[in-house]
């Protein structure tokens with residue numbers, strides 16, 4: 001099978017590439033990225049005869065489609081702002097598609113392409129990272145057990161124990177993090193979608209070790225765009241997402257200061273884009289991804305609390321998704337948590353395991369046990385620590 005990874009030189013894209021390299025079923029992997037220097041770094045870091053490299057601007061749909069022709073699947077690991085043009089290129093090239101999420105609003109636009117993908121006989125699995133992605137499949141796992149499913153609450157916590165790391169390290173898209181800090185959160189409450197300010201709700205969660213007790217805050221996320229639709233017939237009435245980390249409020253402070261601004265500002269007759277300036281400085285200091293001489297030791301746990309009914313009795317199911325780092329790949333939990341599920345889904349598509357056509361979220365097309373088994377080989381564990389009848 002032949003699989004392309006656009007944004008493959010980025011943090012999460014590299015994890016997808018590495019997983020594909022190690023899979024015997026995959027014969028060729030195209031690593032596409034707009035950043036030539038980043039492509040060169042990946043070529044030195046991941047050595048394999050399966051790999052080919054190409055500099056590509058995904059906003060040029062025609063050239064991107066030309067590059068993708070003949071591949072079985074494209075994994076879109078570029079910034080979510082460009083999901084639609086990459087999907088358009090996949091359609092033109094007649095290639096199946098997987099991505100890492102659309103941060104709710106872009107996800108809704110992607111769903112509008114459903115008929116086009118169905119007509120082309122293709123599948124586009126949207127939001128197939130860790131969150132969204134594994135979280136959605138966990139909800140599917142619970143839904144298959146329950147007769148009715150009333151609420152799906154997702155709580156995420158992360159901590160970094162890396163020794164010798166810089167004081168601040170970007171392990172995934174800072175652009176997306178900033179968007180989560182400044183965009184209104186969308187929640188599903190009492191069967192209705194509502195918008196509330198980011199970080200306006202806080203909940204303290206006792207995660208398993210090594211995360212422990214942590215405050216989590218409501219932000220915008222893609223699960224809310226699809227779970228209420230997918231499980232409407234199960235009676236879903238509530239769904240929301242909250243996240244926490246020691247750096248979260250620091251990132252919020254940077255956003256409040258103005259570094260999240262995407263419009264140029266003028267300083268002494270010179271125009272500067274605050275976001276680009278910050279990202280450029282972080283990259284210059286070597287704080288985008290861990291330095292080569294540092295072994296990542298960051299951890300993430302996502303808890304999914306689901307309440308519903310089985311055989312007329314109320315039931316609560318609590319899942320914990322534990323994502324460790326991958327020291328042997330020199331990759332963080334944030335990287336493998338996203339890149340492993342998307343690359344696994346791409347193999348499922350190329351293998352013919354996913355039969356659905358059109359634009360579909362993971363909870364509609366991914367077999368939970370198969371996914372859990374595959375990502376479990378790399379240390380990602382999904383546990384049901386508690387299952388109880390509510391009083």
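Residue numbers (UniProt numbering): 1 to 391. A virtual CB, placed ideally from N, CA and C, is assigned to each residue, including glycine. Given the structure is predicted, the values throughout are model-derived calculations rather than measurements.
- For residue 226, the enclosing alpha helix (DSSP H) starts and ends at 223 to 230.
- In the DSSP assignment, residue 344 falls outside any beta strand (DSSP E) and within the unbroken alpha helix (DSSP H) covering 333 to 350.
- Using a Cβ distance threshold of 9 Å, residue 16 and residue 77 count as a contacting pair.
- Contact between the region 191 to 210 and the region 103 to 114 is absent: fewer than 3 CB-CB pairs across the two stretches fall below 8 Å.
- Under the 10 Å beta carbon count, residue 291 is surrounded by fewer than 16 other beta carbons and is classified as exposed.
- In the three-state reduction of the DSSP assignment, residue 55 falls in the strand class.
- Its Cα nearest to that of residue 225, the residue 187 stands out among 217, 187 and 98.
- Fully enclosed alpha helix (DSSP H) runs of no fewer than 4 residues occupy 11 to 21 of the region 1 to 38, in order along the chain.
- Partner residues in the beta bridge of residue 314, as assigned by DSSP, are 309.
- In the DSSP assignment, residue 266 falls within the beta strand (DSSP E) that extends over 265 to 267.
- Between residue 304 and residue 154, the beta carbon gap of about 5 Å places them in contact (Cβ cut-off 8 Å).
- Pairing residue 245 with residue 157 gives a Cβ-Cβ distance under 9 Å.
- For residue 353 and residue 284, the gap between their C-alpha atoms comes out near 43 Å.
- Of the other Cβ atoms in all chains shown, fewer than 16 fall within 10 Å of the Cβ of residue 168; this residue is therefore exposed.
- Comparing alpha carbon positions, the residue from 356, 86 and 256 closest to residue 61 is 86.
- With distances taken between CA atoms, residue 362 lies nearest to 136 out of 136, 73, 57 and 81.
- Take the alpha-carbon of residue 123 and the one of residue 97: they are about 6 Å apart.
- The region 317 to 335 makes contact with the region 138 to 151, as at least three CB pairs between them are under 8 Å.
- In this structure, the straight-line span from the alpha carbon of residue 210 to that of residue 119 is close to 47 Å.
- Under DSSP, residue 241 forms a beta bridge with 154.
- The C-beta separation of residue 42 from residue 9 comes to about 5 Å, placing the pair in contact by the 8 Å criterion.
- Under the DSSP assignment, residue 196 falls in the beta strand (DSSP E) whose first and last residues are 192 to 196.
- DSSP places residue 370 inside the alpha helix (DSSP H), whose first and last residues are 368 to 376.
- Inter-residue distance for residue 376 and residue 382 is about 8 Å (C-alpha atoms, whole angstroms).
- Across the structure, residue 3 and residue 148 are spaced so that their CA atoms are roughly 38 Å apart.
- One alpha carbon belongs to residue 365, the other to residue 222, and they sit about 17 Å apart.
- With respect to the 9 Å criterion, residue 323 and residue 301 are classified as neighbours on the basis of their beta carbons.
- Short of 6 Å from the beta carbon of residue 345, and not among the five residues preceding or following it, lie these beta carbons of its own chain, in chain order: 98, 125 and 128.
- Secondary structure note for residue 83: its alpha helix (DSSP H) is the uninterrupted segment 83 to 93.
- Collapsing the DSSP output to three states places residue 60 in coil.
- Checking the DSSP bridge columns, you'll see residue 214 partnered with 205.
- Taken atom to atom, the span from the alpha-carbon of residue 134 to that of residue 101 is near 12 Å.
- The Cβ atoms of residue 51 and residue 29 sit closer than 9 Å to each other.
- The distance from the Cβ of residue 289 to that of residue 39 is about 14 Å, inconsistent with a contact at the 8 Å cut-off.
- At least 9 Å separates the beta-carbon of residue 238 from that of residue 297.
- Secondary structure of residue 270 (DSSP, three-state): strand.
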